[in-house]
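*Asks:* Next up is a structure, given as structure tokens.
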Amino acid sequence: MKEETTKTRYSESDLKEFKDLLLDKLRIAREELNALATSLSSPNANGTDDTAGTYKTLEDGSATLEKEQINQLAARQKKFIEQLEAALVRIENKTYGVCRETGKLIQKERLRAVPHTTLSMEAKLKQN
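Numbering (full-length UniProt numbering), first residue to last: 1 to 128.
See the structure below:
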């Protein structure tokens, strides 16, 4: 680990590894966002058209709550996609993997777990 703290940026091969990881996560995140958007656009995905009218009010409330939850998930997914895209820009700029607080390299293990992070564990723990 000592060697990583003396380097100021990751090598081209390291950056390629992280770029591939980011692109894969981005593809999955976009697929999930599309699935959420599809479920929002379908008026009655649960097939409750034939339920008795007495349950209509309850179902309307439940459907509204579900739509709100899906909207929140979609918003979170959009933010995640933006963070992944920003990480790809940092790779292109050769600044990827450098902690924005300490200026040191973020450990590879952390980047593999949270590839869009801009903070080392040292800096993240100081925030809390």
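Each residue gets a CB set at the ideal place from its N, CA and C atoms; glycine is no exception.
All figures in this text were calculated on a predicted structure; none of them were measured in a lab.
How many angstroms separate the CA atom of R76 from the CA atom of L88?
*Replies:* By one-based count along the sequence shown, residue 76 stands at place 76. By one-based count along the sequence shown, residue 88 stands at place 88. If I take the Cα positions, the gap works out to 19 Å.
*Asks:* What do you reckon, are the CB atoms on I106 and K19 nearer than 7 Å?
*Replies:* Here the question's residue 106 lines up with position 106 in the sequence shown. Here the question's residue 19 lines up with position 19 in the sequence shown. No. Outside cutoff.
*Asks:* Can you say whether G97 is buried or exposed, counting buried as having 16 or more other CB atoms within 10 angstroms of its CB?
*Replies:* Walking along the sequence shown from the start, residue 97 turns up at place 97. So G97 counts as buried.
*Asks:* Helix, strand or coil: which one does DSSP assign to E122?
*Replies:* The residue labelled residue 122 in the question sits at position 122 within the sequence shown. Reduced to three states, the DSSP call for E122 is helix.
*Asks:* What do you get for S120, buried or exposed, if any count of 16 or more other CB atoms within 10 angstroms of its CB means buried?
*Replies:* Position 120 of the sequence shown, counted from the start, is the residue given in the question as residue 120. Buried, by the Cβ-count rule.
*Asks:* What would DSSP say about V98, mapped onto helix, strand or coil?
*Replies:* For the purposes of this step, residue 98 is taken as residue 98 along the sequence shown, with counting starting at 1. In the structure shown, V98 sits in a strand (DSSP, three-state: E or B).
*Asks:* Considering only the beta carbon of each residue, do I70 and L40 sit closer than 7 Å?
*Replies:* On the sequence shown, position 70 is the one that residue 70 refers to. On the sequence shown, position 40 is the one that residue 40 refers to. In contact: I70 and L40 (Cβ atoms closer than 7 Å).
*Asks:* What does the alpha-carbon distance come out to for the pair I28 and I81?
*Replies:* What you label residue 28 is simply residue 28 of the sequence shown in a count that begins at 1. What you label residue 81 is simply residue 81 of the sequence shown in a count that begins at 1. About 10 Å.
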